[in-house]
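Written out below as structure tokens is the structure these notes cover.
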Amino acid sequence: MSETHNFVVLGGSAAGLGIAHSFLKHIEPELKKLGKTYHTYIVDSSSHFFWNTGSPRSIVSATLLPADNLFAPIADGFSSYDSSSYTVIHGTAETWDVEGRTVTIKLADSQDTQTLPYYALVLATGTRSPSPATSLQGNYTITKAAIADLNEKLASAVSVIVSGGGPTGVETAGEVGYFHNGSAGWFSSSPSNPKAKVTLITSADKLLPVLGKSCALTAEAYLNKVGVDVIYNVSVVSSVADADGKTTVNLSNGEQWTADVYIPAGGTKPNSEYVPADLKNDRGYVKTDGTTLRADAAGSRVYVIGDVGDYSRGGFHNLYGAMPVLATNIKRDLLAAAASDEPGAKPKGPDRLFTPNNSETQAVPIGPRGVGAVNGWGLPSFLIWLLKGRNYMIGNIPLTVNGNMVMRDNTIWVPK
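Under this note's numbering, the residue at position 345 of the sequence shown is numbered 345, and the numbers go up by one with no gaps.
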């Protein structure tokens, strides 16, 4: 019987799940034909996948979008494969021995650790935002509780501060404003009788950095229509929970504001604490060859996908563009090693290369409206609502978790 090689994927977000499913569907069968045996490990700190795209609406009201609709068990998504070919581990990567080619996992259900040797390693641990309501910060139960807490507080809130001028902040402020204040009519710029004072604070001089100035100005106008005021060039330095349940925020201009609810929705940090310092840039993102998506400094057959890599600009369009590139290069590397006595054998011919889409591409619902563009072409408000704002695309959850998003072989590629 041949030696079993471990294919380890750290991270159970869309990036990690996409590569894990691509490997089990399209790469492992080719390796089996060469007599090679692989076992796939999927490691994540949460037992459930979280569709954080839907969090802006879910945190406003459990009626509008129940939090339960945003989660799906990761293990269930792999039930169609031979159970002997994969293992889903509920745990967190604590340390990475680059020389020894092992990762140590702290298991969630106990205080024990498990050391996994790897033949190939994929880093897909992503990023986290300041609030557990908008990103996983451990098991999904933490996020679910944070959403429930905001549901309760927002139900009676008359003052709300949201910080962050990116899509999460704008969408969240829009959902809060629309929930409390409704929307102004065609000939009014703001609601005539708002029930809550909602303020969006951004350190930038415009909203939505990916989109152009025209979209940003329209976004502000749409926010105003649901009773949201936008404050520019000011950041939240710190926040303190008051004894009466309110929150006081300290601003960069020296002012202090108090609100019934404060939602931090700007700024992300990479989940890369387990990565040795010399393999990260000064912001903590993993150094990645932005074309092949290999982490060459970490040795052979180590790869990066998604927002934890320093190559990533974020956005679904870039993730879905990177996934087939990485899957193809993994396949090339492993087939080359399988056909040679040298584990570090290089594949013949050119690698498949990733080209980021740096165009103005983003969709941002704002209450009943929205702004966005694709490749620099502006999209009408009703189309933003139809594509995303209607239900925040929760139909993609089963496609992502079950691997149907990569059902077609994404490693088929002909070099130009």
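We put the beta carbon where it would ideally sit given N, CA and C, even for glycine.
The structure displayed is predicted, hence computed values, not measured ones.
Neighbourhood of residue i by C-beta, 7 Å cutoff - its chain only, sequence neighbours within 5 removed
i      : result
Ala322 : Leu293, Ile305 and Phe354
Ser359 : Asn375 and Gly376
Ser163 : Gly169, Ile201, Val236, Pro264, Ala265 and Gly266
Pro276 : Trp96 and Val98
Leu48  : The sequence given here has His at residue 48, not Leu. Cβ neighbours of His48 beyond the five flanking positions: Phe71, Ala72, Pro73, Ile74 and Tyr140.
DSSP state of residue i mapped onto helix, strand, coil
i      : result
Thr53  : helix
Thr202 : coil
Tyr332 : The sequence given here has Arg at residue 332, not Tyr. Of the three classes helix, strand and coil, the one that applies to Arg332 here is helix, per DSSP.
Leu399 : helix
Ala146 : helix
Arg413 : The sequence as given places Trp at residue 413; Arg does not occur at that position. Looking at Trp413 - three-state DSSP - the assignment turns out to be coil, as it is neither helix nor strand.
Leu379 : coil
Leu353 : coil
Ala327 : helix
Pro132 : coil
Ser156 : helix
Ala345 : coil
Glu141 : In the sequence on display, residue 141 carries Thr and not Glu. The answer is helix: DSSP assigns Thr141 an H, G or I state.
Val304 : strand
Ala120 : strand
Ile394 : coil
Gly372 : strand
Gly169 : helix
Ala363 : strand
Gly309 : strand
Arg408 : coil
Ser2   : coil
Sequence-distant residues of its chain with Cβ nearer than 6 Å to residue i (five each side left out)
i      : result
Gly284 : Pro270 and Ser272
Ser203 : Ser235
Asp351 : Thr292 and Asn329
Lys388 : Ala363 and Pro365
Glu342 : none
His39  : Thr4 and Asn6
Thr268 : Thr127 and Ser129
Ala216 : Lys206, Leu207 and Leu208
Gly403 : His21
Val210 : Gln362
Tyr86  : Thr40 and Phe78
Thr104 : Glu94, Thr95, Thr113 and Thr115
Residue closest to residue i, alpha-carbon to alpha-carbon, out of the options
i      : options                           : result
Leu251 : Pro264, Ala259, Asp260 and Val237 : Val237
Ser55  : Ile42, Ser47, Asn69 and His48     : Asn69
Thr102 : His21, Asn151 and Leu123          : Leu123
Phe382 : Tyr222, Lys32, Asp289 and Met407  : Tyr222
Val406 : Gly349, Leu17 and Ser190          : Leu17
Pro347 : Lys331, Lys280 and Pro117         : Lys331
Thr168 : Thr125, Lys153 and Ser131         : Ser131
Val230 : Phe187, Gly174 and Ala14          : Gly174
Val176 : Lys106, Tyr118, Leu24 and Leu150  : Leu150
Gly100 : Gly314, Ala298, Gly367 and Asp289 : Ala298
Arg369 : Ser61, Ala259, Thr218 and Ile147  : Thr218
Ser239 : Ala259, Ala184, Val249 and Tyr232 : Val249
Lys144 : Asp82, Ala67 and Ser13            : Ala67
Ser188 : Phe50, Thr125, Lys225 and Ile105  : Lys225
Gly367 : Lys33, Ala15, Val160 and Val60    : Val60
Trp413 : Ile394, Arg57 and Val325          : Val325
Leu259 : Lys153, Tyr232 and Asn357         : Here residue 259 is Ala; the residue named in the question, Leu, does not match the sequence. Residue Lys153 is the option with its Cα nearest to Ala259.
Lys195 : Gly227, Trp186, Thr172 and Gly344 : Gly227
Asn233 : Asn253, Ala241, Lys246 and Leu399 : Asn253
Ile384 : Glu171, Leu399 and Pro398         : Glu171
Closer than 7 Å to chain D by CB, residue i
i      : result
Val364 : Among the protein chains of the structure shown there is no chain D, as only one such chain exists.
Supposed close pair residue i, residue j - CB separation, criterion 8 Å
i      : j      : result
Ala327 : Ser22  : 4 Å
Val401 : Gly77  : 4 Å
Ala120 : Leu334 : 6 Å
Same chain, Cβ closer than 8 Å to residue i, five either side skipped, listed in chain order
i      : result
Pro415 : Gly349, Pro350 and Arg352
Ser45  : His90, Gly91, Thr92, Ala108, Leu136, Gly138 and Asn139
Lys213 : Lys206
Gln256 : Thr248, Val249 and Asn250
Val286 : Leu123, Pro270, Ser272, Val275, Leu279, Lys280, Ala295, Val304, Val308, Gly309 and Asp310
His26  : Ala327, Lys331, Val406, Asp409, Asn410 and Thr411
Heavy atom of the ligand ZN within 6 Å of residue i beta-carbon
i     : result
Ala72 : Of ligands this structure carries none, so the ligand ZN is not represented either.
Legend entry - Every unbroken alpha helix (DSSP H) inside the segment 53–117 [4 residues or more]: 55–58
Legend entry - Contiguous beta strand (DSSP E) assignments of at least 3 residues, all confined to the segment 246–300: Within the segment 246–300, the complete beta strand (DSSP E) runs of at least 3 residues are 247–251, 256–259 and 261–264.
Legend entry - Length-filtered (4 minimum) alpha helix (DSSP H) runs lying within the segment 185–243: 213–225
Legend entry - Continuous alpha helix (DSSP H) assignments of at least 4 residues falling wholly in the segment 4–44: 14–22 and 28–33
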